[in-house]
Structures are given as structure tokens and as C-alpha cells.
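Asker:
Number of protein chains: 6
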Amino acid sequence: MGRVVRGCPRVSAGLIAAYGELGVATVHEAQGRTGLMAPRLRPIYRPVRLAGSALTVELPPGDNWMLHVAIEQARPGDVVVATPTSPCSDGYFGELLATSMRAHGVSGLVIDAGVRDVAELTELRFPVWSAAVSAQGTVKETVANVQTPIVCAGARVEPGDLVLADDDGVVVVRRMEAEVVLAAARKREQAEARRRVQYAAGELGLDLSAMREGLSARGLVYEDHNA
Amino acid sequence: MGRVVRGCPRVSAGLIAAYGELGVATVHEAQGRTGLMAPRLRPIYRPVRLAGSALTVELPPGDNWMLHVAIEQARPGDVVVATPTSPCSDGYFGELLATSMRAHGVSGLVIDAGVRDVAELTELRFPVWSAAVSAQGTVKETVANVQTPIVCAGARVEPGDLVLADDDGVVVVRRMEAEVVLAAARKREQAEARRRVQYAAGELGLDLSAMREGLSARGLVYEDHNA
Amino acid sequence: MGRVVRGCPRVSAGLIAAYGELGVATVHEAQGRTGLMAPRLRPIYRPVRLAGSALTVELPPGDNWMLHVAIEQARPGDVVVATPTSPCSDGYFGELLATSMRAHGVSGLVIDAGVRDVAELTELRFPVWSAAVSAQGTVKETVANVQTPIVCAGARVEPGDLVLADDDGVVVVRRMEAEVVLAAARKREQAEARRRVQYAAGELGLDLSAMREGLSARGLVYEDHNA
Amino acid sequence: MGRVVRGCPRVSAGLIAAYGELGVATVHEAQGRTGLMAPRLRPIYRPVRLAGSALTVELPPGDNWMLHVAIEQARPGDVVVATPTSPCSDGYFGELLATSMRAHGVSGLVIDAGVRDVAELTELRFPVWSAAVSAQGTVKETVANVQTPIVCAGARVEPGDLVLADDDGVVVVRRMEAEVVLAAARKREQAEARRRVQYAAGELGLDLSAMREGLSARGLVYEDHNA
Amino acid sequence: MGRVVRGCPRVSAGLIAAYGELGVATVHEAQGRTGLMAPRLRPIYRPVRLAGSALTVELPPGDNWMLHVAIEQARPGDVVVATPTSPCSDGYFGELLATSMRAHGVSGLVIDAGVRDVAELTELRFPVWSAAVSAQGTVKETVANVQTPIVCAGARVEPGDLVLADDDGVVVVRRMEAEVVLAAARKREQAEARRRVQYAAGELGLDLSAMREGLSARGLVYEDHNA
Amino acid sequence: MGRVVRGCPRVSAGLIAAYGELGVATVHEAQGRTGLMAPRLRPIYRPVRLAGSALTVELPPGDNWMLHVAIEQARPGDVVVATPTSPCSDGYFGELLATSMRAHGVSGLVIDAGVRDVAELTELRFPVWSAAVSAQGTVKETVANVQTPIVCAGARVEPGDLVLADDDGVVVVRRMEAEVVLAAARKREQAEARRRVQYAAGELGLDLSAMREGLSARGLVYEDHNA
């Protein structure tokens, strides 16, 4: 009833480093507004940013056994991406598992469920994005899949996909598209830098992006107060 | 299908400054426990406090075009108050729009929807109260109203109303009532200061507000443990 | 319609001090994964930790009268544990009541409803766990019970129970079991300390807890990527 | 602290009858996609349809006193539209109040809170749209406003506005616009009837509304599976 | 880690029959507005009414083993009252377990979690109140308690308490208070019958309950429209 | 920015007919407790059952243009499975689109968003599973994908997958696995039929599935009340 797939491919350390300088919103835009996890996933401390290669885990409700199984599969640069097989807010993960993960090169956790020991995790600077904080303990009774494709917080994740997370949330980039999206994201960043200067100088998006005609065509009208 | 009303009246800079020293809870009480937005609106960083004159914006779901339109209407001291025309958690607003708004005198944003770039907005100290944080991008396709009366997070807001926001949430004061409410709020603050001293000295609300008789009349009885 | 039970027993100051060095997750585990309040209760600032003796209060919706009644019953070391008699997010409690509570020895508040003045409470370092932040004011019209057994955020609480709260949430320990649970929690802490060292050294839970056989028996299989 | 405005204008019986044959979605569209209450308001039985003149009521949390006050103000054709002054799911209304309302000409209730006795109300065929079903009782201690403008489930409602509700939800039409919107809604119904015939015959919206060019201009491309 | 308490007392068949003619709202009022479960518990079909003696069960998340254990403890007239040890929407119960329960005299189920086979359960007329409908299957791996005091949907339930459920929700009456509450509920029903006649005749609660003076004392004022 | 993939494969009419006699819970179990959509998807009327071949659609928030595009791709036996690209409760679909879909062979709709005209859809017996009912109208401005793999309510859906929905919810079966899962589901149904007879005769799951030893091994103990 449970499968562990060994030796899955990863995104390269170079790609991970490059993505580590980008924001989630930028990358999400650069790949056509796709790949975003639901906003219920929030970081346990802020500010924070993390990029890595997805190590996927399924978790039965109230059962964190597979996190132990996953750690053995970890390689430096991995981010564990864990999803419960049915909605669950229990605290699947805490400071002890973070210690174990860190020892095996895992740089952070994305989980559509609960975590605990958030004070200790914050002190350790072990980055976590979770759907809940809960001290509720879990059992170790039921097996599930590790390193198979999953859906986490509404986003499809395959083992080895690029995962990027920051204060805004979490986005996934297909491993084979990570180079192309990186280039697009950098281009977008440059355009945003130019736009930032223009906006700071008081120029309007209405003019810079030539919106006025389109607005008028859609029926936007201006009138004066009490006119 | 969309109207922009130009030249709406504002509350004065003096009033804005005066309200900037008051808390949301105090003002909400001072105007008879009205005008509060729903508690789903939370500041993106804390502590924070902001007063301003409402510049109202309607936003179609997943469409932030009208924020660009609104910026052109801004005057120093304005706070943009934006409401989606149907529930939406998308990230309508980020650091670029904040840069543009700030260049036009806007001092903050209240939005019953999502925002992104919260790390950058926090660094910029651009105050935002939102219902969600989401990197989800938006389009620019559909027009709506700017500077018309709206309902935002359950509260009616008219252009030029006084908006006050702090760590507790957001309250709206009708423009024409802002002077009267200010006076009432200051009076309330003074009463609270006196009460604070009494409470710190150990005096009880039961005595200070003569509650005992009322409690008894309503049927409150005292008994001893295991008696 | 309302009862106040005077002179309820408390957990000892020694026990409170001892629990103050433990975490919620540890204690929750040590007493068999029971006693946890629902994760909707969150601290208004972090990091924070608090142990105390429960002073229980029932609150009618939108009515905070009983908090005043409760303060008179307080003794040093008490934590007020308040539950609305029907779901309510109003701001029942703020800085003035905190001042009064502190003057009577109350060290913090756990409330399955809303609070306000969170900036001031944070500055005062008055610890609060609440289900909401809301400036919404309350009335003083209806009586209810103080120091009777209640259900708060899904957990049964009796007057004088040990309440422990930290960044992870809130747990309740029956007063008569507090000694036993304390011993179990300390033992658990020691075991965790040993495990922490092992995990940091790279040892796996799979081996340390001899999980491999059980996993296999439950049907976990390993395969190689693209094999 | 509470005001009752007597003698507010109503929409005419003729208008109420005319709206009673229209659907909420049609009217919402006909007035430019405005006036809709949040979808948390659901009918207690289905199918159901109701049109009437809004008799507005504010309700303190857990306090239904003002419903009694409102009944005295009722006239035949009125629909009571009630909103709590802070979020509340309590059962403000049941079969007894329905009996009293009906005796005074009230034809139904729209309430952004809870109701009870839903089996009896269903048998009586007294139409109710509510945000919750709850047996939780309420008190009669605090006054509020009757027949003043309110916000109910996100929509502004003024006394005497036209309220239309069916299985899809609740929409409000300003009293002064009710004639114009009625005409637009009827026109829309006729257009829909024509469209229904075309759709039933297999014609496509793509062709009937000439969408293909627009879709292509926006970047829609067609490809064959596995091509 | 799990206890089953055999031979717990029950409420009598006579009491169960007597309560079966009462409504949840009436009983909730008759015992001082206490004992109500949270309104998230809804019946899977309507109309429906059920009274019985509580057979309490704790359920680990995603694990329905204890329902099997509970059935052996059942006696005619029992209602199974089941609560997950942490929030869970999985489908713990379906038509097969209903068949088994019915064979052992269980007359219905109250569960603060999910159920499935609701079409079949509806056809069988096996009454169920649940927090969710979900086909999600569960495991049988972890033990928990049967026939011990629990908290279900916010209400304390002890084995053998009287449970009453209808279209409005679920209320619990302590076994030892069931006679007294029954008498109070019947008295209340009679008063309601009298009031129903008065209301149907057009008499106002304002007059029947002499509310006018109180309303005025609380500050309610009447004014005329446009006066 | 949008792709329509033509000529995607379907599951056969024979398979659709065969699945039409099975329940969602049974099929979900038969394929190893996978493929279930989140329980927020509920049928608009009950009882109802539907099997079909998935025709997948992405919907921008508040924009139903792609439903029109999808209809042209429909073949008899298709079920439209639609997911918004960000959370949205608007009423994307109503009676007119149902008429058009039915004319093109579509037998039902599964949508993780809102629908309207539910009274008319119920009368038409056009089966719909949705996350909300809302009259809120949508625009036709932005393109997206049709017949590409999507995530709907947490489940991965590929064009041509088998979709089965009933009163319990919605489950997806990979097209290539539909034969195997069908066989497993039928086998399960037979086992359930045998078990039903045993349960009806009063036999216990404890005995039929030999649970007693396992329960004891996990630490379940029996004690007598007040023993």
C-alpha cells in the first residue's frame, strides 16, 4: 500500500541557488500564473525564503510515519513537500524531525497540515510553510507513498520539481521547465526594476501601459463629484 | 459599466493627524460601536497604525485594473479602500503598486482580498490590511467603480470617510461625523486613563462601575466550593 | 442564571513553576495525547510561554460582564480561561482588563473568542491566546458562570486545572494528575534530548526506533526511479 | 442607542408581484451584477421564491429583542432583513416569531445569522434565508436600530428596498430603481428564452455570441491530442 | 491506551420516548440554554428526530476501529455519539456499520466528523448528524476510549446522557437531570402553545411580554421617516 | 495563454455504464483510497449518481468563457470537470449552459466553484456537484486551458479519466486503470453484500474480522462501570 521511489532526479544546486534570489510572485508570473499552492500555507516565521528540490511525501491523517521514511531518501538541497491523504491539522512535525532532516541535507518543509515546536523551529531557523500550528501528536501505523507525484495545497508536485517559498507562499516549477522559467523570471525582474523607478517618479500605470483607451472601450467613464 | 468620480471631498489633514493618535477600539466605541470592518482584515506587519481619507475602489475578482485607475485620483493623505465585487483571495497588490501609490500621496491600503510582496511591503513600511496573503496574479480586463460608496468587509465606506486602522483592525467614520467622534474618542481616552490607574491599584470594575447590584438582580449567585 | 464558585482549589505555585519550563507538545504527549485545545487559539505575540491555574469563565455572546466578576476571584498564578456560550469573535478583552487582572495576580488569558488592544497587550507582555483579534466592543447585560467546569476550544477545563500555553497552543492537565504528568513530561524531555543528539549525528528514526520491519509488514515497498 | 424609524416608504404591491416571477440571477444581472448578498445565506427549504419590501433590523450578538420591535412596524408585503452587529450563528428566530410575523403581513425573513425550528418553519412554508441553523437561544437585553440602512451579508439594504430571494440566494434592488431594473430583467428573460431554444438545438455560444475572434485575439490556440 | 467501560447506566426507555416528542430548541431552553452541540453538526436527511441514551466513542483521525468496539457495548435505545481526537472530515461510517448498529439496537449516530453512503442511510432511515459528508475511507490501527466522558462538537457528553437531535441540531441532557428537564420542557411547550395562539391573533410580543418600558429604559427611541 | 486539446481519448460507454451502478465510496476504496475530491463539492440535489468521461476546463476567477469553449469539444458521455485558477465562489454555470451542454451530450458538471439556477437545474435533472451556490455573474475576458490535466478540489484529473459522483462526493479513476478498478470495485461490492447479511444477523465486526487480538495487542482494555 505504500511505495518509496529511490533515486529520483533533482534540480541542480545551481538552479536552486539561482531561484533563491527570486520571489514567489515573480516566478509564478513568469510561468504563466501557474504552480501556486493555496494561500492557507503560511510560513511559521517571517521574513523567510527557500528554494529546493521537492522530496514528496504522502501522510495518512494523524500519522507521520512516512516523514521518517522520507528522511532516508533526502539529499542536500531537498525540500520535503508533504500532503495529508485527507484534510488534517495535526502537528506532524517538530524540532526533533527538523534536526534529523537538517542532518540529511533537507533545507525546509512545506506541509498542507499542522506542525509544532514552532518556537524552537524559529530559533533553529528551519523554514516551514504549513496550513496550521498544532501540538496534536500523531501515530506511526499506516504506510503511504514517498517520492511519487502528489497534489499539495492544490498544486501538482513531482519528485525533483523546483519548490520556491517566501513570505507570500509557495510555488512549484516543473523540473524540466526550471531553466526556462528562471530566464523568464529574471527578465521579469528587470522589467519590474525599470517600472519601479518610473512609479517612484510619479508616472502612472495608466500612461506607462497605455491603459486609457482600453478602459474607455470597456465603458469606464469619469464624472465630477456633485456634477 | 464603471464610474470614476473625481474631486470627492476629503477629511482634513488636521483630522487625519488627530485620529492618528487614537486606537481603533476607542474610536469604534466612541461612535456607538459601529463602523468596524470584519476581523478577517489583518495588518501584514505589526505594530502599525494609520489614519487617512478613504479613496474607494471596487475590484472584479482576479482583476486589479481599477487600482491603477485609483492612483490617478489620489491625494496626499488618502488611504485606498478596496473591495472585490465577489469574494477573492488573489494578490491584487504588491510592492510596485505600493511604490506608485506612495508617489501619489497614498499612505496605505485596506483591501478585503489578498496582497503579495509582503516582505517588501514590510520593509518599505507601507501599511496594508488584507483578508489574505497570496502571490496569485491578476488580470486587467474589466472595469468597475472608483470613488463611489462601497461595502468593504461588512462596513459601508463613502469616498472621503475617515479610515483608521491599527493592530486590532479597521474602523470607518463618516466624514461629516469625524469631528464629533474625535471629541468623543478623546473624552473616552481620558476616562480610560483614569480607569487604568484605578485598575492598576487593584480596584475592581465591580465596585468602580457599581455592578454588584445589577449582577444580583440578573440572578448571579455566589457559593463556596464544596459547600 | 449565573453561579460564582468561591475558593476553588488551585495547582501549587511549585507545579506552575515546574510546568513553565515545559512545552505544550511535550505535556500533551506525556498525558497520552489528550487535553489539547483546538488550534484556532493562537498567541497574540510570539515567542511566549505561560503556565497557571485555570480560573474558568463563561461569556454570553458579545457580553464581557463575567470577566469583571472573575477578577475578584483571582489569586496569584491564575490564568483566566474564558469560553463564549455560543461562537463569538468580539473583542471581549483589552488593555484595561489586562491591567486589572495583573493587579490581582492573573498571569494571562486563554479565550475562545476575540480580544483587542493587541499592540498594547504585546507591549505590556500580557500573554493572551485567542481565537480572533477584533475591536468589536461588548455589553454588560447577562450573567453566566465563573469557576465551574467548562469546555473551551474543545477541551474540558475545571477550575484549578493546570493550563500550559506556548507558541504551539494550549493544553490542560487535570489538577489531580498534574504531578504524575509532570514526571512523565520530564522523562519524555530527557528521551527527546538523547534523540536530538542522535538525529543531529545523522542517525535515522528508521533505525533508532526499529521501524523497518513494521513498515515492510504494512506493505511498504521500495523501488528505483525508472526501474 | 437604538432608533426605530416609523412610516418608511415601501415598494408597491404591484412591483413585489412582478418581481415574484423573476429569478435572483436574472435580476442581479439586470442591474449590472450588483446587490447580491454573500452566498452564505441559504434557504432553509427548497424550492422557494420570495419578493418583498425590506424591513431592516440590526441585532446585537445573541440578542433577538429587536425582532419583536420590528414586527410592530411591519406591513403586508414586508420581508424582514436582519443583520447581527457582529458575526453570530445563534438561533434568533423560530416558529413562534414566524407566527407573529405572518400575522402582521411579513412574508419571509432574510438573516445573516442563525434560525431554529426549521422543521416547523418548513411545514409552515415560511421562507427563510439564513447563514446558519442553530437551536442556540438568545436574550432580550440590548437595543439596536430598526428601519435604518444596514449592511446584510455584504449588501447595503435600505428600508423599503426590493428584496428578491430564491434557491440561488438573495438580491437587493434600490426602491427607486426597482421599476427600471424590472424592465431590464424582463428584457433579459426574453433574451434568455430565445437563447435557450438555440442552445437546445445545439447551436454554440461560440457562434451565437461571435466569440471565436475574441478568443483567438486573447491567445487561445487549438491543438490535437498527441499531435 | 484505550478503555472500554462496560455496563454504563442508561436513561430509561420511558424517558427516551418522552423526549422523542420534544424539540431540541425547547429542551435547550428548558435546561438554561446549555448542552447544545455546535451547529456544524447537521442531519443527513430532513425532517428527522431522535432521542436516545449516549454511547460515547473516541475516534483517532482517519481510524474507525472503535466504532466496531462500540457496537458490542450497545443496548436498545442507544445513540452512538462519536468524536474524533483531532479534527477530521473522513467518512468513518456508512451503510454497513449502520446495519450492524441497528441489529444491536442503536437508533442513530451523532458524529463530529464525516460519514458516507448518505443515499443508502437516507433510504434506510438511519438518522445521522455529522459535521461532513465524505467518501474518504478510514483505517483500523489505533485504539481509543469507548463509554468514557467526551467532548463532542463543543458539548460534554457522559455515557448514558440523554441525547436529543432534530433538524435544528443536537442537545445533551445529563442523565440525572433528564427528569427535571423533561418537566421544564413540557411546561415550556405549553407556554409556547398559548403564545402561538396569541401571536396568530396578531398580539405583539412587545405587549404580551411588557417590553416597551424596558426598551425605552435602554434608550430605544421612535421617530418618523423624514420627520 | 490558453490551449484547447482536441480529440482526447475517452473511457468507453461500456465502462461508463458499468461505473454508473457503483458508489463513490466503493470505487474510492477499490483503488486504494485515492482519487477523491475534497468534500466541499456537494450535489445540488439528492439522490443523484453520475459516471462519465472527464472533459477538463480551467476557469479564471469570475470568468466562465472557457465553459463555452469546452462545450464544442464535448462528446456524448462527457462530464465537464471545471476548476477555477484561484479560489472563487461565483456562479459560473446555470440553466442556459446546462441546456447547451446537454445538447452536446454532456451528462453533468463537477465544478470547484459556484453555480446558479439550482432550482431550474434540479427540475431539469442536470446533475451538478459544486463548492457553492451563488447567483454572482461572471465575465468573458480571459482564456485558459481546456482538456489539459488539472487539479480539481485536490484531485488530479486528466482528460478522459473516469469520473464518478454520487451523494457522497466525487472520485476520479485514471482512464487506463478504469477496467482494473471496476473489477476490484465489483469484488468489493460482493464482499460488502455478504457482510451486510452477517451484520443484519447481529454478527460483530469484532468477530467477523477477528479484531479482538489486535485490539488487545494495541492496549485496549475493558473494565466495568464503577468496578
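Chains as they are written, first to last, in the working numbering: chain A, 2 to 228; chain B, 2 to 228; chain C, 2 to 228; chain D, 2 to 228; chain E, 2 to 228; chain F, 2 to 228. Idealized CB from N, CA, C, for every residue including glycine.
1. Would you mind working out which of B:S101, B:V129 and B:T86 sits nearest A52 of chain B, comparing C-alpha positions?
2. Can you give me the C-alpha to C-alpha distance between C153 of chain B and T84 of chain B, rounded to a whole angstrom?
3. With contact counted as at least three CB pairs below 8 Å, one residue from each stretch, are the stretch 76 to 92 of chain D and the stretch 111 to 121 of chain D in contact?
4. Whose Cβ in chain E lies nearer than 7 Å to the Cβ of Y223 of chain F?
5. What's the gap between the Cα of S108 of chain D and the Cα of A39 of chain D?
6. For L205 of chain F, would you say it is in contact with chain E, using Cβ-to-Cβ distances shorter than 7 Å as the test?
7. Measure the CB-CB distance between A185 of chain D and A31 of chain D and report whether it falls below 7 Å.
8. Against chain A, does H226 of chain B count as a neighbour if the rule is that its beta carbon must be under 7 Å from one of theirs?
9. Hey, out of E:P48, E:L221, E:H29 and E:R7, whose CA is closest to H69 of chain D's CA?
10. Three or more beta-carbon pairs under 8 Å between the stretch 14 to 28 of chain B and the stretch 67 to 82 of chain D, yes or no?
11. Does any residue of chain A have a CB that is nearer than 7 Å to the CB of V1 of chain E?
12. Taking the alpha carbon of E204 of chain A as the point to measure from, which residue in B:R189, B:A99, B:C9 and B:G161 has its own alpha carbon closest?
13. Between E:G3, E:Q199, E:A211 and E:R4, which lies nearest to R103 of chain D when the distance is taken from Cα to Cα?
14. Please name the residue in F:A202, F:L110, F:A192 and F:Q148 whose C-alpha comes closest to that of R126 of chain F.
15. Who are the near neighbours of A145 of chain D in its chain, counting only those whose CB is closer than 7 Å to its CB and skipping five residues on each side?
16. Just checking: is the beta-carbon of E121 of chain C within a distance shorter than 7 Å of some beta-carbon in chain A?
17. Assign S131 of chain C to one of three DSSP states: helix, strand, or coil.
18. Mapping DSSP to helix, strand and coil, what is S217 of chain D?
19. Sorted by chain position, which residues of the same chain lie with C-beta nearer than 6 Å to T139 of chain E's C-beta, five sequence neighbours on each side aside?
20. Taking any Cβ of chain I, which residues in the stretch 25 to 41 of chain F have a Cβ under 9 Å from it, in chain order?
21. Just mark S210 of chain B as buried or exposed, buried being the case when its beta carbon has 16 or more other beta carbons within 10 Å.
22. By the three-class DSSP mapping on this structure, what secondary structure does E224 of chain B have?
23. For the candidate residues F:T143, F:A19 and F:Y20, whose alpha-carbon lies nearest to that of S217 of chain D?
24. Nearest to E22 of chain F by alpha carbon, out of F:R7, F:R50 and F:C9?
25. Enumerate in chain order the residues of its own chain whose CB-to-CB distance from A14 of chain C is below 6 Å, with the five nearest sequence positions on each side excluded.
26. How about T143 of chain C: is its C-beta nearer than 7 Å to some C-beta of chain D?
27. Hey, could you find the ends of the beta strand (DSSP E) T84 of chain C is sitting in?
28. For my contact list, H226 of chain D and V12 of chain F are in at a C-beta cut-off of 8 Å; report their separation, rounded to the angstrom.
29. Going by CA-CA distance only, name the one from D:R47, D:Y20, D:E193 and D:L56 that's closest to P10 of chain D.
30. Can the beta-carbon of L97 of chain B be found closer than 7 Å to that of I45 of chain B?
31. Near S135 of chain C, what residues of its chain come up, given a Cβ to Cβ distance below 8 Å and the 5 sequence neighbours on each side ignored?
32. Taking a Cβ distance cut-off of 8 Å, strictly less, list which residues of the stretch 154 to 181 of chain A are near chain F, in chain order.
33. Can you check whether the CB of V158 of chain C is closer than 7 Å to the CB of V80 of chain C?
34. Which same chain residues end up closer than 6 Å to V119 of chain D when comparing Cβ atoms and leaving out the 5 residues on each side of it in sequence?
35. Put G33 of chain A into one of helix, strand or coil per three-state DSSP.
36. Out of C:V172, C:K141 and C:G8, which one is the CA nearest neighbour of G155 of chain C?
Answerer: Looking at the coordinates:
1. It is B:V129.
2. When rounded, the distance between both Cα atoms is 5 Å.
3. Touching, per the Cβ criterion.
4. For the C-beta of Y223 of chain F, the chain E residues within less than 7 Å are, from N- to C-terminus, V5 and R7.
5. If you take the alpha carbons of S108 of chain D and A39 of chain D, they lie about 21 Å apart.
6. With its beta carbon less than 7 Å from one in chain E, L205 of chain F belongs to the interface.
7. Between A185 of chain D and A31 of chain D, the CB-CB gap stays under 7 Å.
8. Taking Cβ atoms only, chain A never reaches closer than 7 Å to H226 of chain B, which makes this a no.
9. For H69 of chain D, the nearest C-alpha among the options comes from E:L221.
10. These segments do not touch.
11. For residue 1 of chain E there is no data in the structure shown, the boundaries of chain E being 2 and 228.
12. Considering only alpha carbons, the answer is B:A99.
13. Residue E:Q199 is the option with its Cα nearest to R103 of chain D.
14. Of all alpha-carbon atoms in F:A202, F:L110, F:A192 and F:Q148, the one lying nearest the alpha-carbon of R126 of chain F is that of F:L110.
15. Here the set comprises G3, E59, L60, P61, M67 and T86.
16. Closer than 7 Å: no.
17. Here S131 of chain C carries a strand assignment [DSSP, helix/strand/coil].
18. Helix at S217 of chain D.
19. Taken in chain order, the residues that qualify are G63, D64, N65, D91 and Y93.
20. Chain labels in this structure do not include chain I; the protein chains are A, B, C, D, E and F.
21. Residue burial annotation: S210 of chain B is exposed, with fewer than 16 other C-beta atoms found within 10 angstroms of its C-beta.
22. Of the three classes helix, strand and coil, the one that applies to E224 of chain B here is strand, per DSSP.
23. Nearest option by C-alpha distance: F:T143.
24. When only C-alpha atoms are compared, the closest one is F:R50.
25. G78, listed in sequence order.
26. By this cut-off, T143 of chain C is an interface position.
27. Looking at the DSSP string, the run of the beta strand (DSSP E) that includes T84 of chain C is D79 to P85.
28. The C-beta distance from H226 of chain D to V12 of chain F rounds to 15 Å, too long to fall under 8 Å, and the pair is not in contact.
29. Ranking the options by Cα distance to P10 of chain D, first place goes to D:L56.
30. In this structure, I45 of chain B does not lie closer than 7 Å to L97 of chain B by Cβ.
31. S90, D91, G92, G115, V116 and R117, listed in sequence order.
32. Cβ contacts with chain F come from G155, A156 and R157.
33. No, they are not a contact pair.
34. These residues qualify, in order along the chain: I45 and V134.
35. Secondary structure of G33 of chain A (DSSP, three-state): coil.
36. Closest option to G155 of chain C, Cα to Cα, is C:V172.
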